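FYI, the numbering for the sequence shown is 1 to 261, going by full-length UniProt numbering. The C-beta atom is built at its ideal place from N, Cα and C for all residues, glycine as well. Please read all numbers here as calculations on a predicted model, not as lab measurements. This report concerns only the one structure given below.
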Amino acid sequence: MQRGWQALQYDVKTAFLYGPLDVDIYIQRPDGFEEGDNTIVCKLERSLYGLRQAPYVSNQTLHAKRSTLGFTRIEKDCGLYAVKEDSEIKILITVYANDLVLIGPGDLCNRVAMKKKDDFQLTSLGEVKVLLGVEINIDRQQKRITFSQRQYIKEILLRFHMATCNGAKTPEPSTVLQGALGYLVAGTRPDIAHAVRRLGQFLAKFDVTHYALGKHVLWYLKSTVDYGLVMDVKMDRKVALALYTDADYANDPVDRKSISG
1 MQRGWQALQY
11 DVKTAFLYGP
21 LDVDIYIQRP
31 DGFEEGDNTI
41 VCKLERSLYG
51 LRQAPYVSNQ
61 TLHAKRSTLG
71 FTRIEKDCGL
81 YAVKEDSEIK
91 ILITVYANDL
101 VLIGPGDLCN
111 RVAMKKKDDF
121 QLTSLGEVKV
131 LLGVEINIDR
141 QQKRITFSQR
151 QYIKEILLRF
161 HMATCNGAKT
171 PEPSTVLQGA
181 LGYLVAGTRP
191 DIAHAVRRLG
201 QFLAKFDVTH
211 YALGKHVLWY
221 LKSTVDYGLV
231 MDVKMDRKVA
241 LALYTDADYA
251 NDPVDRKSIS
261 G
């Protein structure tokens, strides 16, 4: 945003159907074929939804296309590619299944998208608003980007029949519930990380007490459904990634091994 770049999202139609197969796979004839008898089968020339190798083939196909356009893979993130000039990034591209996002100057993003349309069917979705369940609100006037998961929180509450529950002011407090909450922690809600970590200690032998703790986290999410991560990128500020850790002096009383990092 500081550079005036855009984050444009595209939908790759039938993303798994473009890649050629390097193994022989045969399937029964689809309905509608009238010639020949039922002993005739079809050989797949390209990837197909449902094949175990379909995600890999799709990724390799997209990787090859990105390489021909001058993109190179970022060392620390295999799903992120960039075009660089004199070590300076000019444009970024990332693909998750059928979601493609181009980040860079608007005109350059559009030119890259047009080149990719030579090989793939792309539908422009405009500036990115939702990616992998994370809602992205880009406020150019305030120079601020907010990441949240409001809809996913509401889906969790519905799944556990707590959509109408009362809210809770703090996050402290079934394996399914812990997994759902863990996805939030990894996404946009680090404020519940401690409670979810505690809940995860009892996955092998949880009871109603632990489930009650999980429900308390849901009550907290009910009260904070609109919370998200805000990235303030005003021009007068230098954007830098900072990481802080806080050891707990091995708070496991049994073997004194650290369980929180």
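{"Query": "Going by the beta-carbon positions, is the gap between A97 and I89 smaller than 7 Å?", "Result": "no"}
{"Query": "Taking the runs of the beta strand (DSSP E) that are 3 residues or longer, which of them lie wholly in the stretch 94-148?", "Result": "99-104, 122-127, 134-139 and 144-148"}
{"Query": "Looking only at C-alpha atoms, which of I192, A193 and L221 sits nearest to F160?", "Result": "L221"}
{"Query": "Examine the ligand ATP and report whether any of its heavy atoms sits within less than 6 Å of the Cβ of T164.", "Result": "For the ligand ATP, the structure offers nothing, since it holds no ligand at all."}
{"Query": "Name the two residues that bound the continuous beta strand (DSSP E) containing Q53.", "Result": "Element bounds for Q53: n/a, residue is neither H nor E."}
{"Query": "According to the Cβ coordinates, are Y56 and K43 closer than 7 Å?", "Result": "no"}
{"Query": "Just curious, the alpha helix (DSSP H) that T209 is in, first and last residue?", "Result": "V208 to S223"}
{"Query": "Along the alpha helix (DSSP H) that carries L157, what are the first and last residues, could you check?", "Result": "R150 to R159"}
{"Query": "Assuming A113 and Y10 are in contact, meaning their beta carbons sit under 8 Å apart, how far apart are those beta carbons, in whole angstroms?", "Result": "6 Å"}
{"Query": "With a Cβ-Cβ cutoff of 7 Å, do V217 and A195 count as a contact?", "Result": "yes"}
{"Query": "Q141: which of I40, V41 and K234 sits nearest, CA to CA?", "Result": "K234"}
{"Query": "Check whether the stretch 100-109 and the stretch 44-51 are in contact - that is, three or more C-beta pairs closer than 8 Å.", "Result": "no"}
{"Query": "Which word fits Q149, buried or exposed, when buried means at least 16 other C-beta atoms lie within 10 angstroms of its C-beta?", "Result": "buried"}
{"Query": "Can you tell me which of the three DSSP states K65 falls into?", "Result": "helix"}
{"Query": "Closest by CA to S87, which one among G79, D77 and F71?", "Result": "F71"}
{"Query": "Let's test the definition: count the other Cβ atoms within 10 Å of the Cβ of C109 and tell me whether it reaches 16, buried, or not, exposed.", "Result": "buried"}
{"Query": "Using C-beta distances below 6 Å, list every residue in its chain close to L80, excluding the 5 sequence neighbours before and after it, in chain order.", "Result": "I74 and T94"}
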